[in-house]
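Enquirer: Every number in this note's numbering is 61 more than the matching position in the sequence shown, counting from 1.
Every residue gets a Cβ at the ideal spot worked out from N, C-alpha and C, and that includes glycine.
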Amino acid sequence: MCIHQLNLLAASNNLPISNFLGKQHPIEAHHLSSICDIMEKAMVNGDTCIIRCILVVFQVVFKFFFSPQTERNRDIVRRSGLLLWQLLMAPRDQICSEIQKEVCLAISSGLNILYPGEAEINNLLKLVLTEGERNSGLSQLRDVILTNLAEQLQNNRFGSEDDDHYRLNDELLHYILKIVVRESCVLITKCQTVSKDDFQRLLSTVPAASSCLRYLMAVQNHLLSNTILIKPDDNDDSDSSLQGETLKVQELKTSILSLATQILTGCDEVLEMLQQVTTALINSDISDREQRLKGLEQITKATMLGHLLPVLLTSLMHPNLQTLTMADALMPQLVQLVLYTSQTALLLKTQSPVFSELNSSPSCAPEQKGKQLPDERMLEEKEEPGFLTGLKIPAPWAAGKTVETVHPVRDNYKFKETVHIPGARCLYLRFDNRCSSQYDYDKLVIYAGPSTNSRKVAEYGGNTLGYGSRSVLGTGWPKDLVKVEGDTVTFSFEMRSGREHNTPDKAMWGFACTVRAQESSEDVSGGLPFLVDLALGLSVLACSMLRILYNGPEITKDEETCQELLRSKLLQRCQWQVEANGVISPALTPSPSPLPLTIDEDREFTYPSDVLVPPVGHYFDLPRIRLPPGIMIKLREISGRARPQFRPSIK
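Here it is, written out as structure tokens:
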């Protein structure tokens, strides 16, 4: 335990002990050989206590005191690795779970020493990712390694020396994603297959992210945060620095596109499974069907749909990632995800009481329907309930602002505050039912404007509790909404009387008021169901990407420079073709619908609808552009060439 604490303290780079351990001389090879001898003897004798102690020693030695520089050291490292793997792959009846955990920690601590090359580490990770489900030791080693890499990656910046070490290649990421998708599907399936008691236990364990999911979260956050927060070096304005930053941004966007494509594909598979399980639960006759459908949303949040997709959707709305390449690649998957989430949200919504009440027809419905006009009946027949039926879209701006004094108010207390809600036509004030002051002249004055010089709306004071004035000002503190015209209201409260010895706190409570821009007094701070929120987020992102696709590529600097030239009707009348190398040039073959002989320059030019057959001859090999008479006259004036005169032939 003491060595474990030492190991944990040394893992922090900010503590003095880590600097102290880092300055120690490396352990000699014969000392590590002696440690291996002790381990072999303990394994033969089955001494679990010594085995655990040596495993903890391995963790400290690998991390701080050993450097495999010589061939002898490498031989000792190979021997240590064989001993660790022998313990890791031992049958479960021969090794306890505590020893297996220590073995995994030792291998993870000495990962760079036991596997010095990148290819060796990749082979190890491929082994634990592909065979981890069949062997508990490999599964635990996978979890320890990925958890350690995730923690290191969170503290690392993109493009640093250790970035390639902590961020695995695409092949290994694909294996990890497959595991995450499988784990998510299994977790959702349990909502249908497990017993009632096991389902309750399942609800109490989520949302606990697995090691594979934690690593994917770390990779995603690492890439997205660096893309959004990346800033060029202000002190270095050289071309090489700017070029390097541009390459780094492009590399980041390429990595994000690859990762986003894989995550959206995996979410597609998980949503398909979610829709199947939801349909099966709705059609089943199990006793706790409603509880399972209600808990299904909580279970879904524990999958990659809850841990990966919301962060990805939010980050893709950032201007740095709103690119044509990103939209072109992700649009098909986004559309599919919108369909899955909206359909599944609608399935769950049909089971809620709110939806049932909306779909149930009251007794007076036939009479009202008979009085409707034909057009209204037609519109009502065509209307179909969606996944937003009966839901109140959260409006944070409508939650209002609470204005209140201290409770209770003290002698000579003064309070003044102005609330401004831009764009509001009027404001609605709702007072707390505990509002009170000692005397009616300890009052609150409300003004419809930004200051106390504005129009006075109302004033309130006093209490009805039998203390102080034993009366209230006017009709008393309002029980209903108070309407104030305009978008600004000012509160001014002053405690003019001194507190009497028999006046309790409740008679000097002061006031509290909530200011809203709408008349509703209901709580508007609640959120949407998870799948509904996910469907709306996907829809917003899909619409944003669709707008990018519609607008097309951004206008280049050359196009901006040539705007006047591109607007020239002379060039617009020319027929163009794209060469094999991508160059645009005038067409060398005549159009089947040539331009008219004369074009009015002041009118908008349109191509003729009829098809004219061009004359045959070599003179039509090159495109011929007919200029309007006005332009021809100006050209002749500038050139000094007169219009040729055609003389009739004399026979």
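In three-state DSSP terms, what is Arg-228?
Expert: Arg-228: coil per DSSP, three-state reduction.
Enquirer: In the structure shown, what three-state DSSP assignment does Arg-139 receive?
Expert: Helix, per DSSP.
Enquirer: For Gln-624, is the classification buried or exposed, using 16 other Cβ atoms within 10 angstroms of its Cβ as the cut-off for buried?
Expert: By the neighbour-count rule (16 or more Cβ atoms within 10 Å), Gln-624 is not buried but exposed.
Enquirer: In terms of alpha-carbon separation, which member of Lys-477, Asn-563, Val-593 lies closest to Phe-572?
Expert: The candidate whose alpha carbon is nearest that of Phe-572 is Lys-477.
Enquirer: Can you check whether the CB of Leu-166 is closer than 8 angstroms to the CB of Gln-120?
Expert: Their beta carbons are under 8 angstroms apart, which means Gln-120 touches Leu-166 by this criterion.
Enquirer: Taking the continuous beta strand (DSSP E) assigned at Arg-491, which residues delimit it?
Expert: Per DSSP, Arg-491 belongs to the beta strand (DSSP E) from 487-492.
Enquirer: Please state whether the Cβ-Cβ distance between Val-533 and Val-464 is less than 8 angstroms.
Expert: No.
Enquirer: Leaving out the 5 sequence neighbours to the left and right, which residues in its chain are closer than 7 angstroms to Thr-339 when beta-carbon positions are compared?
Expert: These residues qualify, in order along the chain: Leu-357, Thr-405, Leu-408, Leu-409.
Enquirer: Does Asp-389 pass the burial test, meaning 16 or more other C-beta atoms within 10 Å, or should it be called exposed?
Expert: The residue in question, Asp-389, is exposed, as its Cβ has fewer than 16 Cβ neighbours within 10 Å.
Enquirer: What does the alpha-carbon distance come out to for the pair Gly-535 and Phe-492?
Expert: Distance between the alpha carbons of Gly-535 and Phe-492 is about 16 angstroms.
Enquirer: Measuring alpha carbon to alpha carbon, tell me which of Thr-525, Cys-157, Ser-605 ends up nearest Asn-494.
Expert: Answer by Cα proximity: Thr-525.
Enquirer: Just how far apart, CA to CA, sit Glu-690 and Ile-616?
Expert: It should be pointed out that residue 690 corresponds to Pro in this sequence rather than to Glu. Distance between the alpha carbons of Pro-690 and Ile-616 is about 34 angstroms.
Enquirer: Does DSSP put Leu-354 in a helix, a strand or coil?
Expert: Looking at Leu-354 - three-state DSSP - the assignment turns out to be helix.
Enquirer: Just list the residues that DSSP pairs Val-545 with in beta bridges.
Expert: DSSP output for Val-545 lists Leu-488 as bridge partner(s).
Enquirer: With DSSP as the reference, label Lys-504 as helix, strand or coil.
Expert: The answer is strand: DSSP assigns Lys-504 an E or B state.
Enquirer: For Cys-165, which three-state DSSP category applies?
Expert: Looking at Cys-165 - three-state DSSP - the assignment turns out to be helix.
Enquirer: Please list the terminal residues of the continuous beta strand (DSSP E) segment that includes Glu-194.
Expert: It is not in any beta strand (DSSP E) - Glu-194 carries neither H nor E in the DSSP assignment.
Enquirer: How far does the alpha helix (DSSP H) with Tyr-276 in it extend, from its first residue to its last?
Expert: Element bounds for Tyr-276: 272-290.
Enquirer: Who are the Cβ neighbours of Leu-332 in its own chain at under 8 angstroms, not counting the five residues just before and after it?
Expert: Closer than 8 angstroms at Cβ, skipping near neighbours: Leu-366, Leu-398, Tyr-401, Thr-402, Thr-405.
Enquirer: Would you report the Cα separation of Tyr-668 and Ser-376, rounded to the nearest angstrom?
Expert: Residue placement at Tyr-668 is poorly supported in this model, since its pLDDT is 46, which falls under 50; the coordinates still yield a value, given next. About 46 angstroms.
Enquirer: By the DSSP assignment, the beta strand (DSSP E) with Glu-478 in it spans what residues?
Expert: Unbroken beta strand (DSSP E) run through Glu-478: 475-481.
Enquirer: Just reading off the alpha helix (DSSP H) that Thr-364 is part of, what are its end residues?
Expert: Careful: Thr-364 lies outside any alpha helix (DSSP H) and carries neither H nor E.
Enquirer: Starting from the Cα of His-368, find the closest Cα among Arg-275, Gly-327, Leu-391, Gln-352 and give me that residue.
Expert: That would be Arg-275, whose Cα lies nearest to the Cα of His-368.
Enquirer: Along the chain, where does the alpha helix (DSSP H) containing Ala-596 start, and where does it finish?
Expert: Per DSSP, Ala-596 belongs to the alpha helix (DSSP H) from 591-612.
Enquirer: Quick one, are the C-beta atoms of Tyr-500 and Ser-558 less than 8 angstroms apart?
Expert: Yes, the Cβ-Cβ distance between Tyr-500 and Ser-558 is below 8 angstroms.
Enquirer: Check whether the segment 178-187 touches the segment 134-147, counting contact only when three or more Cβ pairs, one atom from each stretch, lie closer than 8 angstroms.
Expert: Cβ pair count under 8 angstroms is below three, so no.
Enquirer: Does the beta-carbon of Asn-287 have 16 or more other beta-carbons within 10 angstroms, so that it is buried, or is it exposed?
Expert: Its Cβ being crowded by 16 or more others within 10 Å, Asn-287 is buried.
Enquirer: Quick check on the burial criterion: 16 or more other C-beta atoms within 10 angstroms. Buried or exposed for Asp-729?
Expert: The first residue shown for the chain is 62 and the last is 712, placing residue 729 beyond what the model contains.
Enquirer: Does the segment 189-198 come within contact of the segment 152-171, defined as at least 3 CB pairs closer than 8 angstroms?
Expert: Yes: at least three Cβ pairs fall under 8 angstroms.
Enquirer: Can you check DSSP and say which residues form a bridge with Val-550?
Expert: Bridge partners of Val-550: Val-480.
Enquirer: Measure the C-alpha to C-alpha separation of Thr-250 and Gln-337 and round it to an integer number of angstroms.
Expert: For Thr-250 and Gln-337, the distance between alpha carbons rounds to 9 angstroms.
Enquirer: For Leu-16, count neighbouring C-beta atoms within 10 Å of its own C-beta (all shown protein chains included) and say buried if the count is 16 or more, exposed if not.
Expert: The chain is shown from 62 up to 712; residue 16 falls before or after that span and cannot be answered.
Enquirer: What are the residues that DSSP puts in a beta bridge with Gly-522?
Expert: Note: Gly-522 sits in a beta bridge opposite Lys-504.
Enquirer: With H, G and I counted as helix, E and B as strand and the rest as coil, what does DSSP make of Ser-245?
Expert: Correct three-state label for Ser-245: helix.
Enquirer: Where does Arg-531 fall in DSSP's three states?
Expert: DSSP places Arg-531 in coil when its eight states are reduced to three.
Enquirer: Under a Cβ-count criterion, where at least 16 other Cβ atoms within 10 Å of its own Cβ denotes burial, should Cys-425 be classed as buried or exposed?
Expert: At Cys-425 the pLDDT is 42, less than 50, meaning the model places this residue with poor confidence; the figure from the coordinates comes in the next sentence. Flag for Cys-425 reads exposed.
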